[in-house]
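Visitor:
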Amino acid sequence: MVHTLLLSAFDLGHLSLRNRIVMPPMVIWEAGEDGKVTQAHLAHYRASVGAGLCIVEATVVSPEGRLAATQLGAFDNAQVEGLSQLAELIRAGGSVPGIQLHHAGAKTTHKKNYGLPILAPTDIEDSPDGTAALDEDEIFRIVRDFANAAERVADAGFEYIELHGAHGYLGSQFLSPARNRRSDSWGGSLEGRVRFLVEITTAVKARLSARAQPPVLGMRLGVADGEPGGLTLSEGMQAAQMAVAAGVEVLHVSHGGSLPSFTAAESRWSPTLGLAEAVRPLVDVPVIGVGEIRTADEAEDALSLGAADLIAVGRAQLADPGWARKVITHQTDTIEICQDCKPKCFHFSEPSKCPARKNLRKRGEL
Numbered sequence: 001m002v003h004t005l006l007l008s009a010f011d012l013g014h015l016s017l018r019n020r021i022v023m024p025p026m027v028i029w030e031a032g033e034d035g036k037v038t039q040a041h042l043a044h045y046r047a048s049v050g051a052g053l054c055i056v057e058a059t060v061v062s063p064e065g066r067l068a069a070t071q072l073g074a075f076d077n078a079q080v081e082g083l084s085q086l087a088e089l090i091r092a093g094g095s096v097p098g099i100q101l102h103h104a105g106a107k108t109t110h111k112k113n114y115g116l117p118i119l120a121p122t123d124i125e126d127s128p129d130g131t132a133a134l135d136e137d138e139i140f141r142i143v144r145d146f147a148n149a150a151e152r153v154a155d156a157g158f159e160y161i162e163l164h165g166a167h168g169y170l171g172s173q174f175l176s177p178a179r180n181r182r183s184d185s186w187g188g189s190l191e192g193r194v195r196f197l198v199e200i201t202t203a204v205k206a207r208l209s210a211r212a213q214p215p216v217l218g219m220r221l222g223v224a225d226g227e228p229g230g231l232t233l234s235e236g237m238q239a240a241q242m243a244v245a246a247g248v249e250v251l252h253v254s255h256g257g258s259l260p261s262f263t264a265a266e267s268r269w270s271p272t273l274g275l276a277e278a279v280r281p282l283v284d285v286p287v288i289g290v291g292e293i294r295t296a297d298e299a300e301d302a303l304s305l306g307a308a309d310l311i312a313v314g315r316a317q318l319a320d321p322g323w324a325r326k327v328i329t330h331q332t333d334t335i336e337i338c339q340d341c342k343p344k345c346f347h348f349s350e351p352s353k354c355p356a357r358k359n360l361r362k363r364g365e366l
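Residue numbering for the sequence shown follows my numbering, starting at 1 and increasing by one per position.
(1) With burial defined as no fewer than 16 other Cβ atoms inside 10 Å of the residue's Cβ, what is the status of residue 214: buried or exposed?
(2) Count Cβ pairs between the stretch 319 to 333 and the stretch 46 to 55 that sit closer than 8 angstroms; are there 3 or more?
(3) Which runs of the beta strand (DSSP E) at least 3 residues long sit entirely within the stretch 95 to 152? Give them in chain order.
(4) Which residue from 187, 35, 55, 84 puts its Cα closest to that of residue 61?
(5) Counting contacts by CB-CB distance shorter than 8 angstroms, is residue 111 in contact with chain D?
(6) Distance, Cα to Cα, residue 131 vs residue 109?
(7) Take the Cβ of residue 231 as the centre, count every other Cβ of all protein chains shown within 10 Å, and call the residue buried at 16 or more, exposed below.
(8) Which two residues bound the contiguous beta strand (DSSP E) that contains residue 242?
(9) Considering residue 312, what are the terminal residues of the alpha helix (DSSP H) in which it resides?
(10) Report the three-state DSSP secondary structure of residue 20 (helix, strand or coil).
(11) If I measure Cβ to Cβ from residue 336 and keep anything under 7 angstroms in the same chain, skipping five residues before and after, which residues do I get?
(12) Express the C-alpha separation of residue 55 and residue 43 in angstroms, rounding to a whole number.
(13) If I follow the unbroken beta strand (DSSP E) through residue 400, where does it start and stop?
(14) Could you tell me if residue 147 is buried or exposed, where buried requires 16 or more neighbouring beta carbons within 10 angstroms of its beta carbon?
(15) Determine the closest residue to residue 242 out of 195, 274, 273, 207, with distance taken between C-alpha atoms.
(16) State the CB to CB distance for the pair residue 175 and residue 256, rounded to an integer number of angstroms; the pair is presumed to be in contact (CB under 8 angstroms).
(17) Taking the alpha carbon of residue 233 as the point to measure from, which residue in 19, 224, 127 has its own alpha carbon closest?
(18) One question on the structure: do residue 101 and residue 166 come within less than 8 angstroms of each other, judged by their Cβ atoms?
(19) What do you reckon, is the C-beta of residue 270 under 7 angstroms from a heavy atom of the ligand NAD?
(20) Between 189, 158, 133, 316, which lies nearest to residue 26 when the distance is taken from Cα to Cα?
Put into structure tokens, the structure is as follows:
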């Protein structure tokens, strides 16, 4: 198959992408307590060249909001130097450098956040270390943390900033009626539950507005939950429209705290890519689709049939860091295909055991 659409240039706001391949944010667990970029980060992103847009992994904006003890941070000015090196390395590889800003909310532990308070919209989370419901001052402090972090990563040279509102983390917790039981203006109606995401969007836009060319602002938005009583797709699609109205320029569509199921009649794609296909006609901004895309042919099909404007290729690029480069140079027959290991991708437990990466090492490519 000729990958005409996948390899075509695309304008993302004022940014020009050389192709429609996106490397999505995927944590590699290599930072220390200081949250700084390490040599392991530089090596990982140096190897993963070629995507039009490369989004650096979830980067925490507040120390208590870590999803892991080894998470990158943008909560301290001392972290900017390493982030600058990372942005420049990605740019030198031909990709537009992007980064995702994140707060775990209740989805952490004292071991992961070094004993700091575990904060949530409401104190209903089943956490071994207990959670505390955020008061309004704390919410606004986290909103400021997002704006401060955005300023740091913009200073570091990142040209695309993505706000994390999916996968059961803080933005997703606020949005879900199963997780947000607040009775004030931060909960209740959809307008209340989406308020946190709107506030961080407007705060980041305001903080960066004086720049001659501010970074393009995106959001990874979970538009449906599989959890009983969670966010419905109907409400999620409305939330997507609200996010765009608040100033989001790109939607990276995904799921909330758990993955909803689709029947074959509802989507020809994976459940997550089906969500992007559902949202795309409702918004006037580019949509990034993601979900079980392992080959260039699959990505081309998704684009040609209108599932998304850009395709994020996740685990396939973990399996073979040269995936995008090999597609660009028409060497797709040399790609080591992700084998979708069960019950869990080895990247999240023992990366050295990934079958595809083992084969690449045998061939001397890693």
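Note that beta-carbon positions come from the ideal geometry of N, C-alpha and C, so glycine has one too.
Guide: If we stick to the structure as given:
(1) buried
(2) yes
(3) 96 to 102
(4) 35
(5) Protein chain content of the structure displayed is limited to a single chain, and chain D is not contained in it.
(6) 9 angstroms
(7) buried
(8) It is not in any beta strand (DSSP E) - residue 242 instead sits in the alpha helix (DSSP H) that spans 233 to 246.
(9) Premise fails: residue 312 lies in the beta strand (DSSP E), 310 to 312, not in any alpha helix (DSSP H).
(10) coil
(11) 319, 320, 356, 359, 360
(12) 15 angstroms
(13) As displayed, the chain neither begins before 1 nor continues past 366, which places residue 400 out of reach and without an answer.
(14) buried
(15) 195
(16) 7 angstroms
(17) 224
(18) no
(19) The ligand NAD is not among the ligands present in this structure, which contains no ligands whatsoever.
(20) 316
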